[in-house]
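Trainee: Protein chains in written order, with this note's numbering: chain A, 1 to 66; chain B, 1001 to 1419.
Where is the CB? At the ideal position from N, CA and C, for every residue including glycine.
Provided herewith is a single structure, encoded as structure tokens, for subsequent inquiry.
Next comes the structure, spelled out in structure tokens:
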């Protein structure tokens, strides 16, 4: 399995920074929680992904196999 | 042959019996099986297979976990991390309100369960077995039963909080480790790091009872009943619009019609299989109760709870009530479950009131699915989606007339009552 953007749902509070930084790949549901389009994660640069992962105030966003 | 015996030790359900020859429930009602000597008189002495022998036996009998996920027990034992001090956990935390079979086993034939745990522990070199239950009365029966066992020093009975989610394996490990009974965020396998960080074999109480039986009779006799791919028997908790609710041991592959006859079910508009994380099915007597028989419906046996939804209740009102209850069972740890399930419950209530179409619920169902740390959101969605599909005609009637002139008769029981 290729690397994917993953969310630790026990940590995510729906701050929305990931969606702001990766608007093409991450949308927010009606409560503010991220909806990731994994098919689009591939179009993001490694630097952009790393920035989004680092920006999450809840440390809920990860990029990897698991 | 159908045998149903009244048993005073079980407060719920009222009957314990079998369709076909009793195995796990053998001797219940005829003898006090909490006494070790009486248990041995019924089931015979307990052999202790080595690790390789046990794995071969489990493979040959295809013994799968009976808590819901149906994971092969052999795989759990084979996956145990080498080294460390392995621990065996008997999951008797039956959070599912429609299920009573594990509590029934633990109270009425506790030594069969403890035997299976002892066999697993002996084979993997574990000297610590935790039996997790939620009910103080069950814990008391277990502690008393342990007194008469020569291997009692291995065992420890632990009471954990009675919540729907605590029955989930990884959540139970958290509770046993002294943490809050909440699903962990990262996927940690109990076989790698479980109780006290040690490699842990965790399975449901019935799974260990089946092992207590299998170790005695061997894979060949074990597989004499059931289907080729699912040998043996399985325990069901049957409730709803039936004259004889209770715990029934059936052979895998028994048709739903035979079960309906055994419990004296009235005409039913639907049957829920697998409890409140389970699936609504049409009340088709030809459906075989097995993994293969239920797969075409996207259903599994789950923890074996089967509920007959009779014709004299409003199925949609029952669905709405249980959906609201499921929403309330969210530990609120994960946002999409904490917010999505209440939204989904409101949708189903609106559908039951004739104010909304199922498409509304489907939108929220999609937002919940796969977006949580445990199986709760996906299980709840499976329950709602299948319910709306099986009750499609009812949905149309409610949309057209605002209701169906029937009220919620409480065929699906919930701890919160019917309000």
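So residue 10(A) contacts chain B; which residues on that side make the cut at Cβ distance below 8 Å?
Mentor: 1182, 1183, 1184, 1185, 1333, 1334, 1373
Trainee: Among the candidates 1379(B), 1369(B), 1384(B), whose CA atom is the shortest distance from the CA of residue 9(A)?
Mentor: 1369(B)
Trainee: Name, going along the chain, the residues of the region 14–41 of chain A whose beta-carbon falls closer than 7 Å to a beta-carbon of chain B.
Mentor: Residues 14, 29, 31, 33.
Trainee: How is the beta strand (DSSP E) around residue 1323(B) delimited, first residue to last?
Mentor: Per DSSP, residue 1323(B) lies in no beta strand (DSSP E); the unbroken alpha helix (DSSP H) holding it starts and ends at 1315–1329.
Trainee: So, for residue 1371(B): in the same chain, excluding its five sequence neighbours on each side, which residues have a beta-carbon less than 6 Å away from its beta-carbon?
Mentor: Hits under 6 Å: 1336.
Trainee: I'd like to know whether the C-beta atoms of residue 1107(B) and residue 1134(B) end up nearer to each other than 8 Å.
Mentor: no
Trainee: What do you reckon, are the CB atoms on residue 1255(B) and residue 1287(B) nearer than 8 Å?
Mentor: yes
Trainee: Could you list which residues in chain A have their beta carbon closer than 9 Å to that of residue 1367(B), in chain order?
Mentor: 29, 30, 31, 33, 35
Trainee: Of all Cβ atoms in chain A, is any one closer than 8 Å to the Cβ of residue 1208(B)?
Mentor: no
Trainee: Could you run through the region 1311–1341 of chain B and flag, in chain order, every residue whose CB is less than 7 Å away from some CB of chain A?
Mentor: 1333, 1334, 1335, 1336, 1339
Trainee: Report the start-end ranges of each beta strand (DSSP E) in the region 1013–1043 of chain B that is 3 residues or longer and not cut off at the edges.
Mentor: 1015–1019
Trainee: Determine the closest residue to residue 1121(B) out of 1015(B), 1199(B), 1304(B), 1277(B), with distance taken between C-alpha atoms.
Mentor: 1199(B)
Trainee: Can residue 1033(B) and residue 1109(B) be called in contact, C-beta distance under 8 Å?
Mentor: yes
Trainee: Note the first and the last residue of the continuous beta strand (DSSP E) segment covering residue 1349(B).
Mentor: Segment 1335–1352 is the alpha helix (DSSP H) holding residue 1349(B); no beta strand (DSSP E) there.
Trainee: Would you mind sorting residue 31(A) into buried or exposed? The rule is 16 or more other CB atoms within 10 Å of its CB.
Mentor: By the neighbour-count criterion, in which 16 or more other beta carbons inside 10 Å mark a residue as buried, residue 31(A) falls on the exposed side.
Trainee: How many Å lie between residue 1377(B) and residue 1341(B) at the Cα?
Mentor: 7 Å
Trainee: Excluding the 5 residues preceding and the 5 following residue 1361(B) in the sequence, name in chain order all residues of the same chain whose CB lies nearer than 7 Å to its CB.
Mentor: Within the same chain, residue 1361(B) has close Cβ partners 1344, 1347, 1348, 1351, 1384, 1388.
Trainee: Could you please give the first and the last residue of the uninterrupted beta strand (DSSP E) stretch that includes residue 1379(B)?
Mentor: No beta strand (DSSP E) holds residue 1379(B); the alpha helix (DSSP H) holding it covers 1376–1390.
Trainee: Can we say the region 1327–1335 of chain B touches the region 1283–1298 of chain B, given the rule of at least three CB pairs closer than 8 Å?
Mentor: no
Trainee: Consult DSSP for residue 1122(B) and reduce its assignment to one of helix, strand or coil.
Mentor: helix
Trainee: Looking at residue 1223(B): is its Cβ nearer than 8 Å to the Cβ of residue 1073(B)?
Mentor: no
Trainee: Roughly how far, in whole angstroms, is the beta-carbon of residue 43(A) from the beta-carbon of residue 24(A), given that I think they are within contact range, below 8 Å?
Mentor: About 7 Å separates the CB atoms of residue 43(A) and residue 24(A); that is less than 8 Å, so the two are in contact.
Trainee: So who's on the other strand from residue 1280(B), going by DSSP bridges?
Mentor: 1272(B)
Trainee: Helix, strand or coil: which one does DSSP assign to residue 1258(B)?
Mentor: helix
Trainee: Would the region 1073–1089 of chain B count as touching the region 41–59 of chain A if we require 3 or more Cβ pairs under 8 Å?
Mentor: No, they do not touch.
Trainee: Can you tell me whether DSSP reads residue 1147(B) as helix, strand or coil?
Mentor: In this structure, residue 1147(B) counts as coil in the three-state DSSP scheme.
Trainee: Using beta-carbon positions only, say whether residue 1209(B) and residue 1112(B) come within less than 8 Å of one another.
Mentor: yes
Trainee: So residue 1294(B) and residue 1309(B) are in contact, right, with Cβ under 8 Å, and what is the actual spacing, rounded?
Mentor: Their Cβ separation, rounded to whole angstroms, is 17 Å, which puts residue 1294(B) and residue 1309(B) out of contact at 8 Å.
Trainee: For residue 1147(B), does the count of other Cβ atoms within 10 angstroms reach 16, so buried, or fall short, so exposed?
Mentor: exposed
Trainee: With a Cβ-Cβ cutoff of 8 Å, do residue 1195(B) and residue 1089(B) count as a contact?
Mentor: Yes, Cβ-Cβ distance for residue 1195(B) and residue 1089(B) is below 8 Å.
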